[in-house]
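Asks: First, the structure itself, so that you have it in front of you.
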Amino acid sequence: MNLDASTLWWLVTGAAVVLELLTGTFYLLMLAIGLAAGAAAAHAGLGMQGQLVTAALVGAGAVLACYFGKKRRPGDPSARADRSVNLDVGEIVHITAWNADGTAQVKYRGAQWAAIHRPGVTPSAGPHRVAELVGNRLLVDPV
Numbered sequence: 027m028n029l030d031a032s033t034l035w036w037l038v039t040g041a042a043v044v045l046e047l048l049t050g051t052f053y054l055l056m057l058a059i060g061l062a063a064g065a066a067a068a069h070a071g072l073g074m075q076g077q078l079v080t081a082a083l084v085g086a087g088a089v090l091a092c093y094f095g096k097k098r099r100p101g102d103p104s105a106r107a108d109r110s111v112n113l114d115v116g117e118i119v120h121i122t123a124w125n126a127d128g129t130a131q132v133k134y135r136g137a138q139w140a141a142i143h144r145p146g147v148t149p150s151a152g153p154h155r156v157a158e159l160v161g162n163r164l165l166v167d168p169v
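Numbering of the sequence shown is given in my numbering, commencing with residue 27 and proceeding in unit increments.
So, in structure tokens, the structure goes:
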């Protein structure tokens with residue numbers, strides 16, 4: 027059986043995509059893009075050395091672009107502050123008075139909760155929005 031170089035590149039590309047689907051390694055998909063570039067170089071008539079250089083440069087470039095693009099994006103919010111995870115986030119509670127230790131007792135959902143404020147914020151009585159849950163305490167921001 028005599029296969030062209032481009033056919034071998036496409037077979038390896040397909041294997042890399044299948045392996046990526048089985049493992050969920052996104053960077054392997056970026057390397058598969060490099061392998062596809064090697065196949066395109068074979069179709070263009072480049073020699074084996076040109077195909078390898080093309081595959082390596084495109085694959086490494088895709089991995090680096092993905093890595094630095096992901097690093098530049100802000101991270102996901104904490105699950106403690108994510109409304110889709112914790113339905114208490116965003117709810118309004120009424121605080122009548124703050125204790126000297128920076129906590130307050132709040133009646134919320136039929137139970138007594140301890141509320142805390144963010145560091146550097148001067149506590150004040152009145153309505154507050156639940157920003158996140160810290161353990162069994164509500165971290166609140168003034169409305």
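Virtual Cβ for every residue (Gly too), placed ideally from N, Cα, C.
As the structure is a prediction and not an experimental result, all values here were calculated from the model.
With threonine 51 as the anchor, note down where its alpha helix (DSSP H) starts and where it stops.
Replies: Annotation for threonine 51: no alpha helix (DSSP H) segment contains it, and DSSP assigns it neither H nor E.
Asks: Between valine 84 and glycine 60, which are expected to be in contact by the criterion C-beta below 8 angstroms, what is the C-beta distance as a whole number of angstroms?
Replies: 4 angstroms
Asks: In terms of residue numbering, what span does the alpha helix (DSSP H) encompassing alanine 86 cover?
Replies: 74–98
Asks: Hey, could you find the ends of the beta strand (DSSP E) proline 168 is sitting in?
Replies: 163–168
Asks: DSSP three-state label for threonine 129, please.
Replies: Threonine 129: strand per DSSP, three-state reduction.
Asks: Provide the residue span of the beta strand (DSSP E) that contains tryptophan 139, from first to last.
Replies: DSSP places tryptophan 139 in the uninterrupted beta strand (DSSP E) bounded by 137–143.
Asks: Note down the Cα distance separating glycine 136 from aspartate 127, rounded to an integer number of angstroms.
Replies: 24 angstroms
Asks: Find out if the Cβ-Cβ distance for the pair threonine 129, isoleucine 118 is shorter than 7 angstroms.
Replies: no
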